Every structure is written in structure tokens, then in C-alpha cells.
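J.: So the protein lines, in turn, are chains A and B. In this text, residue positions in the first sequence follow my numbering: the first is 1, and each later residue adds one. In this text, residue positions in the second sequence follow my numbering: the first is 115, and each later residue adds one. Here a beta-carbon is modelled for each residue, glycine too, at the ideal position from N, C-alpha and C. Bear in mind that the values here come from a model prediction, so they are computed numbers and not experimental data. Questions regarding the structure given below will be posed in turn.
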Amino acid sequence: KAGVTQTPRYLIKTRGQQVTLSCSPISGHRSVSWYQQTPGQGLQFLFEYFSETQRNKGNFPGRFSGRQFSNSRSEMNVSTLELGDSALYLCASSLDRVGGNTIYFGEGSWLTVV
Amino acid sequence: AQSVTQLDSQVPVFEEAPVELRCNYSSSVSVYLFWYVQYPNQGLQLLLKYLSGSTLVKGINGFEAEFNKSQTSFHLRKPSVHISDTAEYFCAVSRYNNNDMRFGAGTRLTVKP
């Protein structure tokens, strides 16, 4: 059974540009969450999608957005990139939204903003 | 809202020694508790989780954790560590009705020969 797949794994963008990251959850999983990981702030929850609807949102500016498609695949977008957006972006999936479900993480997308 | 505090940012230990990584949580409602491990350049992998029932939870790779409600703690232990256990360990908490998981700052476990 394939795990959570994130693409691209590594990318470099320039300040002011935008970026789109993609996530394919484990087959059958309907909940997809996104996290940002930085050395200074640690792991921070960005948002969660379930059945193509955003169910939860962390404390990030509106430049961070996402969506989920009918096949549960998800994308997140960051517009007007800032240097501080350089981070590892992790996608995670779980069967549904019931708390206590095991959440499975992808290997992440490393974003460097220069 | 729930939150997690990992009391040690770094824990150095010699191979075959026991180790305890400490985690305290804060929440006004019942929560679920997790420990994840992150190896270099990889995502997070679940070690174990506490949902209910027995307060001693056994996980993969010989790790176990004990839920202590009165002390709001969920410390992770291993009786004998290996070099391969060197990694970042994260304690996390989520509420019963959603997947908004809050992570601690992480504990860097370094196992020395």
C-alpha cells in the first residue's frame, strides 16, 4: 500500500513568487492535513481538508491556501512568498476526522525562498 | 485549545542505556496523545498512541509511554537504546473530534557509541 506522496520534494523559489505543493494521500484516506516545519517554530498546523472542504485552519496568513479534490488529493498554495516561508511542508492523511486516528505523514516538500 | 510541552530539547545518551523523553500536555477536554519519530530528511512516523484504557502503551522499536492524567504527562521510554534510535521525537495531542494535531517542539535524541 503506497504511503503519502508529496511532490515536489525540493524546490527553490524567489521572494514574491507563488508555489503549489501537491499531496496524494493513502488510498481510502479522506482527511488531509498540512503542516509547516521550521527550526524556529517547529511543527505548525496549517489546515485540514475532508470531503473537499476545509475543516480546520491554523494561525497562518491568507497567503497560505489549499484545496482538496474529489479523489482526496490535495494541493496547498503559498502566494507572495517571503523568506520566512522557507520550510519543510508536510502533508498527512488519515481515514477520517475522528480524533485518535493514526495520521500518516509524507516525506515532505522542502521549500527554499531566496 | 490543547498544547504540548516537551521538557528537553536535546537528550544525549550512550548506546544500551535507558532513556526517557518527557512530555506534558494541557487541555480542558479529553485528548488523545501520540509520539512520533522523525529521522533525517524524512517525514514523521508514529511510534505509539494513547486513546483510552491501559495507561501503559507499547509502540514500535521497543518504545513505550505511560499516560498520567493527574500529572498531565505522557513520557516516552526505552530500556536500552541503539545508535539507530538517533532522531527527533515529537509528542502530540489531538482532541476527540478532529485531526487538528498539536505538536511539541521536539526532543533530539542522540545515541552515542
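1) Is the region 87-96 of chain A touching the region 22-34 of chain A, taking contact as three or more C-beta pairs under 8 angstroms?
2) Mind listing, in chain order, the continuous beta strand (DSSP E) runs of no fewer than 3 residues lying wholly within the region 131-166 of chain B?
3) Just reading off the beta strand (DSSP E) that A/L111 is part of, what are its end residues?
4) Counting only beta-carbon atoms, is A/F105 nearer than 7 angstroms to chain B?
5) Below 8 angstroms on the Cβ atoms is my guess for A/G40 versus B/F217; work out the distance and round it to an integer in Å.
6) First and last residue of the beta strand (DSSP E) that includes A/N77?
7) Does A/F47 have its Cβ less than 7 angstroms from a Cβ in chain B?
8) Quick one: what's got a C-beta closer than 6 angstroms to B/L147's C-beta in the same chain, skipping five residues either side?
9) With a threshold of 7 angstroms between beta-carbons, can A/L95 be considered close to chain B, or not?
10) Drop a sphere of 10 angstroms on the beta-carbon of A/G16, count the other beta-carbons inside from all chains shown, and report buried for 16 or more, exposed for fewer.
11) Report yes or no: is there a C-beta of chain A within less than 7 angstroms of the C-beta of B/D214?
12) Can you say whether A/Y83 is buried or exposed, counting buried as having 16 or more other CB atoms within 10 angstroms of its CB?
13) In its own chain, which residues sit with a C-beta less than 7 angstroms from the C-beta of B/Q152, not counting the 5 before and 5 after it?
T.: Let me spell this out:
1) yes
2) 133-135, 137-140, 145-152, 158-164
3) 109-113
4) yes
5) Contact between A/G40 and B/F217 is ruled out by a C-beta separation of about 14 angstroms, above the 8 angstroms threshold.
6) 74-78
7) Taking 7 angstroms as the CB threshold, A/F47 stays off the interface with chain B.
8) Y164, F188, V207
9) No, A/L95 does not count as interfacial toward chain B.
10) exposed
11) yes
12) The amino acid at residue 83 of chain A is misidentified as Tyr; the sequence shows Leu. Classification for A/L83: exposed.
13) Excluding positions up to five away in sequence, the list reads L158, A201, E202, F204.
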